[in-house]
Amino acid sequence: MIDDKVLVVYSGGQDSTTCLFWAKREFKEVYAVSYRYGQKHEIEVEMARKIAEKAGVSFEVMDIPLIGRLGHNSLTDATMVMDQEVPEKGLPNTFVPGRNMFFLSIAAVYARERGIRHLVTGVSQTDYSGYPDCRDAFIKSLNVTLNLAMDYQFVLHTPLMWIDKAQTWELADQLGVLDLVRNETLTCYNGIPGDGCGHCPSCKLRNEGLQKYLAQKAAREKLA
Ligand code: ZN
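See below:
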């Protein structure tokens, strides 16, 4: 365990909840921040709060509705129909331009005020729907930029960067929170907690990963 403080950028979804418990295992003192950025399903923030309380983690919500209004996207615009697949050209309209950059930059300022150097984000380049701000190169670049911007030595951690959804479920299981992640988090683009609506792109990715992991686990147990 690292004898230091860590701040998790926390949305209340599968990935960041897994990261929250990963941070609890790896660090002595865990903080979490969530953002209200004009997302249609603000319920995710309250779900995040409940899980953070349960985990005994210091939790704060910040309001940054401007981010949803700056870039046109279907996660914050209720009148827009959500892309169900990644289009052949360009990005799905679920992409919120600049979101992870803003989230991490704000988190870094918050962290620095509290003497926190370690930041955790649940982005993954493996199952990433084409979002450029989920890629490793972006995170590494931002890490350098944040350090230069504030003359401070941040360390950005991305425990999910090189693992797929099935392996993310496996990690949750190893951390003892598979059921919690499955039942109490919100990943669904239609705002339905737990196993979700089952047909939006986010549910598909999450559920396919879960089924793959559960099948692997069952096969392993059979062999044992
Ligand atoms: Zn869904």
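The sequence shown: position 139 = 139 (our numbering), numbered continuously.
Backbone N, C-alpha and C fix where the C-beta goes; we use that ideal spot for every residue, glycine too.
A quick note: this is a predicted structure, and the numbers were derived from the prediction, not measured.
Report yes if the C-beta distance between Ile64 and Lys28 is below 8 angstroms; otherwise report no.
no
Taking a contact to mean a Cβ-Cβ separation below 8 angstroms, would you say Gly71 touches Pro97 in this structure?
yes
Three-state secondary structure (DSSP) of Val81
coil
Report yes if the CB atom of Thr185 is closer than 8 angstroms to the CB atom of Met47, and no otherwise.
yes
Can you determine whether any heavy atom of ligand 1 sits closer than 7 angstroms to the C-beta of His118, and answer yes or no?
no
beta-carbon Gly71 near ligand 1 non-hydrogen atom, thresh 7 angstroms:
no
Check this for me: beta carbons of Val155 and Ala107, under 8 angstroms apart or not?
no
Judging by CA-CA distance, which residue of Gln14, Gly90, Gln39 and Asp4 is the nearest neighbour of Leu178?
Gln14
How about Thr158 and Val123: are their beta carbons less than 8 angstroms apart?
yes
Cβ of His157 within 7 angstroms of any heavy atom in ligand 1?
no
Spatially closest choice to Leu119 from Asn147, Ser74 and Asn93, by CA coordinates:
Asn147
Any contact between the segment 199-211 and the segment 37-53? By contact I mean 3 or more CB pairs, one from each, below 8 angstroms.
no
Per DSSP, the bridge partner or partners of Met47:
The partner list for Met47 (beta bridge, DSSP) is empty, contrary to what the question assumes.
Just how far apart, CA to CA, sit Ala137 and Trp22?
22 angstroms
Short of 6 angstroms in beta carbon distance, which residues of its chain neighbour Ile139, apart from the five on each side in sequence? Order them along the chain.
Leu156 and Thr158
Helix, strand or coil, according to DSSP, for Val33 in the structure here?
strand
State yes or no: is the C-beta of Gly12 nearer than 7 angstroms to some heavy atom of ligand 1?
no
Could you give the uninterrupted runs of the beta strand (DSSP E) lying entirely in the segment 132-209, keeping only those of 3 residues or more?
155-157
Would you mind giving the Cβ-Cβ distance between Asp4 and Arg117, rounded to the nearest angstrom? I have them listed as a contact below 8 angstroms.
7 angstroms
Label Val144 either buried or exposed according to how many other C-beta atoms from any shown protein chain fall within 10 Å of its C-beta, with 16 as the threshold for buried.
exposed
How should Gln153 be labelled, buried or exposed, when 16 other C-beta atoms within 10 angstroms of its C-beta is the threshold for buried?
exposed
Cβ-based burial, Asp187 [other Cβ within 10 Å; buried from 16]
According to the sequence as given, residue 187 is Thr; it is not Asp. By the 10 Å Cβ count, Thr187 comes out buried.
Count the other CB atoms, across all protein chains shown, that sit within 10 Å of the CB of Leu142; report buried if there are 16 or more and exposed otherwise.
buried
Over the uninterrupted beta strand (DSSP E) stretch that includes Ile116, give me the two end residues.
Taken as a continuous stretch (DSSP letters only), Ile116 belongs to no beta strand (DSSP E), as it is neither H nor E.
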